[in-house]
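Which chain is which? The protein sequence lines are A and B, in order.
The opening residue of the first sequence carries number 1 in the UniProt record's numbering; numbering runs sequentially from there.
The opening residue of the second sequence carries number 1 in the UniProt record's numbering; numbering runs sequentially from there.
In this text, a Cβ means the ideal position worked out from N, Cα and C, and glycines have one as well.
As the structure is a prediction and not an experimental result, all values here were calculated from the model.
Worksheet: one structure, shown below.
Number of protein chains: 2
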Amino acid sequence: MKKTQEFIANNQQRFLDELFELLRIPSVSADPANKSDVLKGAQLVAKHLEEAGADEVEICETEGHPIVYGEKIIDPKLPTVLVYGHYDVQPADPIDLWDSPAFEPIIKKTEIHPDGAIFARGACDDKGQVFMHVKAFEAMAKNEELPCNVKFMIEGEEEVGSPNLAIFIKEQKERLAADIILVSDTGIIGNEHPSITTGLRGLSYVEVEVTGPNRDLHSGLYGGAVANPINILSEMIAQLKDDQNKITIPGFYDKVEILTEEERNEMAKAPFDLDEYKSSIDIPNVAGEEGYSTLERSSIRPTLDVNGIWGGYIGEGAKTVLPSKAYAKISMRLVPHQDPDEITSLFTEYFESIAPDSVSIKVHPHHGGLPAVTPIDSNGYIAASNAMEKTFGKKPIPLRSGGSIPIVALFEEVLGLKTVLMGFGLASDAIHSPNEHYGLFNFYKGIETIPYFFDEFAQLNK
Amino acid sequence: MKKTQEFIANNQQRFLDELFELLRIPSVSADPANKSDVLKGAQLVAKHLEEAGADEVEICETEGHPIVYGEKIIDPKLPTVLVYGHYDVQPADPIDLWDSPAFEPIIKKTEIHPDGAIFARGACDDKGQVFMHVKAFEAMAKNEELPCNVKFMIEGEEEVGSPNLAIFIKEQKERLAADIILVSDTGIIGNEHPSITTGLRGLSYVEVEVTGPNRDLHSGLYGGAVANPINILSEMIAQLKDDQNKITIPGFYDKVEILTEEERNEMAKAPFDLDEYKSSIDIPNVAGEEGYSTLERSSIRPTLDVNGIWGGYIGEGAKTVLPSKAYAKISMRLVPHQDPDEITSLFTEYFESIAPDSVSIKVHPHHGGLPAVTPIDSNGYIAASNAMEKTFGKKPIPLRSGGSIPIVALFEEVLGLKTVLMGFGLASDAIHSPNEHYGLFNFYKGIETIPYFFDEFAQLNK
Numbered sequence: 001m002k003k004t005q006e007f008i009a010n011n012q013q014r015f016l017d018e019l020f021e022l023l024r025i026p027s028v029s030a031d032p033a034n035k036s037d038v039l040k041g042a043q044l045v046a047k048h049l050e051e052a053g054a055d056e057v058e059i060c061e062t063e064g065h066p067i068v069y070g071e072k073i074i075d076p077k078l079p080t081v082l083v084y085g086h087y088d089v090q091p092a093d094p095i096d097l098w099d100s101p102a103f104e105p106i107i108k109k110t111e112i113h114p115d116g117a118i119f120a121r122g123a124c125d126d127k128g129q130v131f132m133h134v135k136a137f138e139a140m141a142k143n144e145e146l147p148c149n150v151k152f153m154i155e156g157e158e159e160v161g162s163p164n165l166a167i168f169i170k171e172q173k174e175r176l177a178a179d180i181i182l183v184s185d186t187g188i189i190g191n192e193h194p195s196i197t198t199g200l201r202g203l204s205y206v207e208v209e210v211t212g213p214n215r216d217l218h219s220g221l222y223g224g225a226v227a228n229p230i231n232i233l234s235e236m237i238a239q240l241k242d243d244q245n246k247i248t249i250p251g252f253y254d255k256v257e258i259l260t261e262e263e264r265n266e267m268a269k270a271p272f273d274l275d276e277y278k279s280s281i282d283i284p285n286v287a288g289e290e291g292y293s294t295l296e297r298s299s300i301r302p303t304l305d306v307n308g309i310w311g312g313y314i315g316e317g318a319k320t321v322l323p324s325k326a327y328a329k330i331s332m333r334l335v336p337h338q339d340p341d342e343i344t345s346l347f348t349e350y351f352e353s354i355a356p357d358s359v360s361i362k363v364h365p366h367h368g369g370l371p372a373v374t375p376i377d378s379n380g381y382i383a384a385s386n387a388m389e390k391t392f393g394k395k396p397i398p399l400r401s402g403g404s405i406p407i408v409a410l411f412e413e414v415l416g417l418k419t420v421l422m423g424f425g426l427a428s429d430a431i432h433s434p435n436e437h438y439g440l441f442n443f444y445k446g447i448e449t450i451p452y453f454f455d456e457f458a459q460l461n462k
Numbered sequence: 001m002k003k004t005q006e007f008i009a010n011n012q013q014r015f016l017d018e019l020f021e022l023l024r025i026p027s028v029s030a031d032p033a034n035k036s037d038v039l040k041g042a043q044l045v046a047k048h049l050e051e052a053g054a055d056e057v058e059i060c061e062t063e064g065h066p067i068v069y070g071e072k073i074i075d076p077k078l079p080t081v082l083v084y085g086h087y088d089v090q091p092a093d094p095i096d097l098w099d100s101p102a103f104e105p106i107i108k109k110t111e112i113h114p115d116g117a118i119f120a121r122g123a124c125d126d127k128g129q130v131f132m133h134v135k136a137f138e139a140m141a142k143n144e145e146l147p148c149n150v151k152f153m154i155e156g157e158e159e160v161g162s163p164n165l166a167i168f169i170k171e172q173k174e175r176l177a178a179d180i181i182l183v184s185d186t187g188i189i190g191n192e193h194p195s196i197t198t199g200l201r202g203l204s205y206v207e208v209e210v211t212g213p214n215r216d217l218h219s220g221l222y223g224g225a226v227a228n229p230i231n232i233l234s235e236m237i238a239q240l241k242d243d244q245n246k247i248t249i250p251g252f253y254d255k256v257e258i259l260t261e262e263e264r265n266e267m268a269k270a271p272f273d274l275d276e277y278k279s280s281i282d283i284p285n286v287a288g289e290e291g292y293s294t295l296e297r298s299s300i301r302p303t304l305d306v307n308g309i310w311g312g313y314i315g316e317g318a319k320t321v322l323p324s325k326a327y328a329k330i331s332m333r334l335v336p337h338q339d340p341d342e343i344t345s346l347f348t349e350y351f352e353s354i355a356p357d358s359v360s361i362k363v364h365p366h367h368g369g370l371p372a373v374t375p376i377d378s379n380g381y382i383a384a385s386n387a388m389e390k391t392f393g394k395k396p397i398p399l400r401s402g403g404s405i406p407i408v409a410l411f412e413e414v415l416g417l418k419t420v421l422m423g424f425g426l427a428s429d430a431i432h433s434p435n436e437h438y439g440l441f442n443f444y445k446g447i448e449t450i451p452y453f454f455d456e457f458a459q460l461n462k
């Protein structure tokens, strides 16, 4: 990989300029207003794959946003790596909390990133990390050091739950045939503490609607005599957890994977400073399920969060209205063995059961996703671990993450393939938040590490 | 009053056309964007007072929106009636629920208003009812049948709690000297069931802000370990009432006026059909404080309603965010003897006391208002009762209302004057809601009744 690594070292600025161009496209998949921007994102990714040396590059239409495919088959006898990622991004709002425009990338130094970080929506999640793969591939291909076959599947609907990906991979089973799936959409503990995500939480996401009167009423004339949908919704949300912060939905915990004391002790070894954690997000105190540590609460335990709530008058000043409707978006993070569809119906059943007879309730399920685990004795994991050890000079720690990449479970189910989550982001990168950023160190470290993964994986599969 | 009533009968269409012109002005006092519209409203009211024959007409500047003053002193020895009303209106939103534009008045027939009703924001609350007084005055003045002196004080900040009215009436004490205050900003039970409001609920209105982390977080990475401001706010709102729908704020009920069984039995005689009530707003069931009827819950008992709530992602699709902040607007309707400032501080104290240490809380008090009661043996009440009996052919029922006109208590305190609430709206007029309307029957019945009030009041004060 000597020529490849030299090529990477000599093209750093160009790689960055090209990434900036991609980051300037507001490919927000959740907002229909950005549909054409999402397409532009797909076209630019396809262009780069072709220029990097991929064959069969295609922008595959779906019911929603397209999936970009590309491949390089150098020898059918060699193992094949399927690289997955996404070029769509989360909405930028609240926009006014960004220090610089979300879609005008700039480099700024931070305490954690003294060499500078790229500030832009998607810098880390996932355009920046996808681009590492495109550029690492370019370096290997142009220097004829590609040790395996490679396939790319870069989608545009990950941030809205990949509604069309399942259909695509079922239809394209042969075309997607591979030995391992490689994804960079996760993070490491720190730039001094490499780690590999071995577990992911699943997701159940619902939108609830509480309806009281058929129109907004004057709270003076009707208040006290007619159920207020906001008060009712608040009371119902409050009933979803008990005083120990355990979720009260009957059956919710039935299938939750119980870790052994030993496993929990292993986890507890990961470097973690509670005061640093609290001050990094400026909270007076942590809070969560009784009997578990902060790391456990955000990785091995399921959760329930209200992601959005609205109802009544939310404008300036004071309006004395008793509103007709109140809404909330509620998501539950799931751990291994919990099934999203089952949890969604348990939620729906329970939520309807606690609704008073003075209102009517609707529960709309959004997307869900299965939890997943990567065995640390698999070739894929070992290849990633060795590659990172080469570039970080330290063996990475296997770690459970609280986030969800629902399609990882899907890949296993449909393609029968394990996924390796070799991500390079940091928890402090503010993904899904204002001022999302990605360290230059991490961006280049990723490009540098990926070729070694290919190398290691080829060796292990000889 | 013969010539006056003939004049009224002969000018109905012109009165209506003039009112429409006033209704076309979006004088929304709560929204700074409408500041110039509110001023236009004041100017048009002033113009009509002058044309009707008022002297000393003036648009009195305040720190906020102006107050329109005008008077007609025909003889210092005669009693003086001070007419109060407001030309500002509630915001029109939710705009998409209006069948016709909120500020483009039209006449439509309804089941309750077979002769037609005026549909527009402010048609009933309070432009329509203020205009009845201007036109009744015009009729009496032009026909030289004005039996008392009259003063007008029409403000532009009633819908935001009259923040500057107190200062104004304190400064203008002499100028506002009168024997009675007459206000039409309330309603009657039905067009067949005239009634006069003798009690009004007070108001305490606060905005609360719950802050968790210093930025929106990824609910997958932090969910379960960091307190979610929306969940917390919901739990805190739920704690404001117990399972009997009694408000849990310590001391909240201490000063509540307790009615005798006899008074409650009198109230119970007012015509009321629960099924009609439920179907009129299309609710499966009523809900409220245990041990009280629907009429009592909405008139003689204090209440707590969330008027607005917002936080997190409320756009299209699904965003997995753990938000930094959540907000709610909360109002409490108060009954005689409850003091708004005291209740606001009781609320603040309690709300802060139930906040977990994982978040920080802010409570911003909005405007408040004292409850008020009009004695049914006062000259003002008797004059109104006799006047309505003349025009409706039925003695009106004295009734407690759930709404608030905070300034009624203020008038008593500063000017030492009782207020008569001779309003002509109906509960079904949808004030503060989409499709607010005001019956033509009610509009003209008001114009017709007001001169008789002046006549009766003059007699009683001879």
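Taking only beta carbons into account, state which residues of the stretch 73 to 90 of chain A come closer than 8 Å to chain B, listed in chain order. Gln90
Pick out whichever of B/Arg301, B/Ile283 and B/Lys462 has its Cα sitting closest to the Cα of B/Gly291. Along the second sequence, read from residue 1 onward, the residue named residue 291 of chain B stands at position 291. If we check each option's Cα against that of B/Gly291, B/Arg301 comes out closest.
Cβ pair count under 8 Å reaching 3, the stretch 130 to 149 of chain A against the stretch 25 to 40 of chain A: Remark: fewer than three beta-carbon pairs, one from each stretch, lie closer than 8 Å, so the stretch 130 to 149 of chain A and the stretch 25 to 40 of chain A are not flagged as touching.
According to DSSP, simplified to helix, strand and coil, what is B/Asn245? Indexing the second sequence from 1 puts residue 245 of chain B at position 245. The answer is coil: DSSP assigns B/Asn245 none of H, G, I, E or B.
Cα-Cα, which of B/Lys394, B/Arg297, B/Glu413 and B/Glu6 is closest to B/Met140? Sequence index remark: in the second sequence, residue 140 of chain B carries index 140 (1-based). Answer by Cα proximity: B/Glu6.
How far does the alpha helix (DSSP H) with A/His133 in it extend, from its first residue to its last? Within the first sequence, the letter at position 133 stands for residue 133 of chain A. That run of the alpha helix (DSSP H) goes Lys127 to Lys142.
Excluding five sequence neighbours on each side, which residues of the same chain lie with their C-beta closer than 7 Å to the C-beta of B/Ser378? As a first step, residue 378 of chain B must be located in the second sequence, where it is residue number 378. Closer than 7 Å at Cβ, skipping near neighbours: Lys418.
Output, in chain order, the set of chain A residues within a Cβ distance shorter than 8 Å of B/Ala326. Residue numbering aside, residue 326 of chain B sits at position 326 when the second sequence is read from its first letter. Ile309, listed in chain order.
Could you tell me which residues DSSP pairs with A/Cys60 in its beta bridges? To locate residue 60 of chain A, count along the first sequence from 1; it is residue 60. A/Cys60 has A/Ile67 as its beta-bridge partners, per DSSP.
Are any of the Cβ atoms in chain B nearer than 7 Å to that of A/Asp282? For this step, residue 282 of chain A is matched to residue 282 along the first sequence. By this cut-off, A/Asp282 is an interface position.
Give the single residue among A/His113, A/Asp216 and A/Lys390 whose Cα lies nearest to the Cα of B/Ser433. Within the second sequence, the letter at position 433 stands for residue 433 of chain B. Nearest C-alpha to B/Ser433: A/Asp216.
Do the stretch 327 to 342 of chain B and the stretch 171 to 187 of chain B meet, that is, are 3 or more Cβ pairs less than 8 Å apart? no
Quick one: residues in its chain with C-beta nearer than 7 Å to the C-beta of B/Ser280, no 5 flanking neighbours on either side, listed in chain order? Here residue 280 of chain B refers to the residue found at position 280 of the second sequence. Closer than 7 Å at Cβ, skipping near neighbours: Ser428.
Opening and closing residue of the alpha helix (DSSP H) in which A/Ala458 lies: Counting from one through the first sequence, the residue named residue 458 of chain A turns up at place 458. A/Ala458 -> alpha helix (DSSP H) spans Leu440 to Leu460.
Minimum C-alpha distance to B/Leu274 - residue among B/Thr211, B/Leu259 and B/Leu295: Within the second sequence, the letter at position 274 stands for residue 274 of chain B. Ranking B/Thr211, B/Leu259 and B/Leu295 by Cα distance to B/Leu274 puts B/Leu295 first.
Three-state secondary structure assigned by DSSP to A/Lys35: The residue you call residue 35 of chain A lines up with position 35 of the first sequence. A/Lys35 falls in the helix class under three-state DSSP.
Candidates A/Trp98, A/Glu51 and A/Ser27, of which the one nearest A/Pro66 by Cα: In the first sequence, counting from the first residue as 1, residue 66 of chain A sits at position 66. For A/Pro66, the closest alpha carbon among the candidates A/Trp98, A/Glu51 and A/Ser27 is that of A/Ser27.
Is there a C-beta anywhere in chain A that falls below 7 Å from the one on B/His432? In the second sequence, counting from the first residue as 1, residue 432 of chain B sits at position 432. Chain A, which has a Cβ nearer than 7 Å to the Cβ of B/His432, makes this yes.
Helix, strand or coil: how does DSSP classify A/Val286 here? By 1-based counting over the first sequence, the position of residue 286 of chain A is 286. DSSP, reduced to helix, strand and coil, places A/Val286 outside both helices and strands of the structure shown, so it counts as coil.
What three-state label does DSSP hand B/Tyr87 in the structure shown? If you number the second sequence from 1, residue 87 of chain B lands on position 87. Looking at B/Tyr87 - three-state DSSP - the assignment turns out to be coil, as it is neither helix nor strand.
Is the beta carbon of A/Pro229 sitting closer than 7 Å to the one on A/Val359? Against the first sequence, residue 229 of chain A aligns to sequence position 229. Against the first sequence, residue 359 of chain A aligns to sequence position 359. Yes, Cβ-Cβ distance for A/Pro229 and A/Val359 is below 7 Å.
Taking B/Asn386 as the reference, which of B/Lys362, B/Glu456 and B/Gly368 has the closest Cα? Here residue 386 of chain B is taken as the residue at index 386 of the second sequence, counted from 1. Among B/Lys362, B/Glu456 and B/Gly368, the Cα nearest to that of B/Asn386 is on B/Glu456.
Close Cβ partners of B/Ile25 (< 7 Å) along its chain, the five nearest in sequence each way excluded: Stepping through the second sequence from its first residue, residue 25 of chain B is reached at position 25. Correct list, in chain order: Asp37, Lys40, Gly41 and Leu44.
Can you grab the Cα-Cα spacing for the pair A/Gly439 / A/Lys170, in whole Å? The residue labelled residue 439 of chain A in the question sits at position 439 within the first sequence. The residue labelled residue 170 of chain A in the question sits at position 170 within the first sequence. Between A/Gly439 and A/Lys170, the C-alpha separation is close to 36 Å.
Span of the alpha helix (DSSP H) holding B/Ile169? Counted from its first residue, the second sequence places residue 169 of chain B at position 169. First-last of the alpha helix (DSSP H) with B/Ile169: Leu165 to Glu171.
For B/Gly64, would you say it is in contact with chain A, using Cβ-to-Cβ distances shorter than 7 Å as the test? Residue numbering aside, residue 64 of chain B sits at position 64 when the second sequence is read from its first letter. Not closer than 7 Å to any Cβ of chain A, the Cβ of B/Gly64 fails to qualify, so no.
Between the stretch 234 to 243 of chain B and the stretch 218 to 238 of chain A, do at least 3 Cβ pairs fall closer than 8 Å? yes
Thinking B/Arg400 and B/Ser299 are a contact (beta carbons under 8 Å), I'd like their distance in whole angstroms, please. If you number the second sequence from 1, residue 400 of chain B lands on position 400. If you number the second sequence from 1, residue 299 of chain B lands on position 299. Right, the Cβ-Cβ distance comes to about 4 Å (below 8 Å), so this counts as a contact.
Contacting positions in the stretch 152 to 165 of chain A - beta carbon closer than 9 Å to chain B: Glu159, Val160 and Gly161
Just by C-beta distance, which residues in the stretch 339 to 370 of chain B are closer than 8 Å to chain A? Pro356, Asp357, Ser358, Val359, Ser360, His366 and His367
Three-state class that DSSP yields for B/His437 in the structure shown: Locating residue 437 of chain B in the second sequence gives position 437, where the first residue counts as 1. DSSP places B/His437 in strand when its eight states are reduced to three.
For B/Asn149, count neighbouring Cβ atoms within 10 angstroms of its own Cβ and tell me buried if that reaches 16, exposed if not. Taking the second sequence and counting its residues from 1, one reaches residue 149 of chain B at position 149. With 16 or more Cβ atoms within 10 Å of its Cβ, B/Asn149 is classed as buried.
Listed from N- to C-terminal order along the chain, which residues in the stretch 284 to 303 of chain B have their beta-carbon within a distance smaller than 9 Å of any beta-carbon of chain A? Pro284, Asn285, Val286, Ala287, Gly288, Glu289, Tyr292, Ser293, Thr294, Leu295, Glu296, Arg297, Ser298, Ser299, Arg301, Pro302 and Thr303
How far does the alpha helix (DSSP H) with A/Glu411 in it extend, from its first residue to its last? On the first sequence, residue 411 of chain A is found 411 positions in, with the first residue counted as 1. It is worth fixing the name first, because residue 411 of chain A is Phe in this sequence and not Glu. Ile407 to Leu415 is the extent of the alpha helix (DSSP H) around A/Phe411.
Residue from A/Pro91, A/Glu155 and A/Phe15 with nearest C-alpha to A/Gly64: Against the first sequence, residue 64 of chain A aligns to sequence position 64. With distances taken between Cα atoms, A/Gly64 lies closest to A/Glu155.
Contact criterion: CB-CB distance below 7 Å. Does B/Ser409 meet it with respect to chain A? As a working note, residue 409 of chain B is residue 409 in the second sequence. A quick correction: the sequence has Ala, not Ser, at residue 409 of chain B. Answer no: the Cβ-Cβ gap between B/Ala409 and chain A never drops below 7 Å.
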